[in-house]
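Asker: Under numbering that gives the first Met the number 0, think of the first position of the sequence shown as 0, with each following residue one higher. Below is the structure I would like to discuss, written out as structure tokens.
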Amino acid sequence: MWTPERRLAARRVSQRYDSDLTNEEWALVDPLIPPPKRGGGKRTVNIREVLNGILYVLWTGCQWKALPKDFPPKSTVHWYLMLWDWDGTLERIHHVLYVAVCEQEGREASPTAAIIDSQSAKGAQKGGSRLTRRAMTQAKRSRAARGTSSSIRLVSC
0 MWTPERRLAA RRVSQRYDSD LTNEEWALVD PLIPPPKRGG GKRTVNIREV
50 LNGILYVLWT GCQWKALPKD FPPKSTVHWY LMLWDWDGTL ERIHHVLYVA
100 VCEQEGREAS PTAAIIDSQS AKGAQKGGSR LTRRAMTQAK RSRAARGTSS
150 SIRLVSC
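Below you can see the structure in the form of structure tokens.
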């Protein structure tokens with residue numbers, strides 16, 4: 000719950016943008032970022048700034064083309080978002096930060112309750128999160144594609 004104390008603690012006055020990672024948050028996330036591929040060239044982009052760019056878009060809800068110029072190019076930031084979603088990096092980052100927040104609050108990291116509404120149950124019967132994930136872009140798919148689904152876990156401490 001947002002109390003005056005929590006609002007004060009959540010203020011990020013020393014950051015360039017409210018969505019930027021603090022040094023403490025970056026220390027938790029940095030080891031989870033995969034190293035560059037072997038045999039490739041040296042990574043020339045600042046990975047922390049890439050993650051800050053992703054968080055900026057998520058925080059503000061702005062379009063990719065409205066990403067401020069002090070972040071890496073929008074194509075680079077978007078490419079890393081897609082890569083990290085595909086290889087599971089985002090899920091690992093979420094889990095580590097989730098556990099850290101739960102411990103900071105003095106709660107167990109494993110959820111103790113789940114709520115499923117009737118709409119979620121209907122979606123799960125027809126292919127689960129794929130329907131909710133792509134709800135805004137319904138395209139015709141083959142029967143084989145409709146039978147597959149990916150998993151998205153939403154939990155709270």
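Even glycine gets a Cβ: it sits at the ideal position worked out from N, Cα and C. Just so you know, these numbers come straight off a predicted model, no measurement behind them.
Please classify TRP83 as buried or exposed, where buried requires at least 16 neighbouring CB atoms within 10 angstroms.
Answerer: Classification for TRP83: buried.
Asker: Would you give the residue range spanned by the alpha helix (DSSP H) that GLY105 belongs to?
Answerer: Taken as a continuous stretch (DSSP letters only), GLY105 belongs to no alpha helix (DSSP H), as it is neither H nor E.
Asker: Express the C-alpha separation of SER117 and LYS166 in angstroms, rounding to a whole number.
Answerer: There is simply no residue 166 to check, as the chain begins at 0 and stops at 156 in what is shown.
Asker: Considering Cα atoms alone, identify which of ARG47, ALA65, GLY38, GLU4 is closest to VAL28.
Answerer: Among ARG47, ALA65, GLY38, GLU4, the Cα nearest to that of VAL28 is on ARG47.
Asker: Within this structure, are the beta carbons of PRO71 and VAL44 separated by less than 8 Å?
Answerer: Yes, Cβ-Cβ distance for PRO71 and VAL44 is below 8 Å.
Asker: Would you report the Cα separation of TRP63 and LEU50, rounded to the nearest angstrom?
Answerer: Going from the Cα of TRP63 to the Cα of LEU50 covers about 14 Å.
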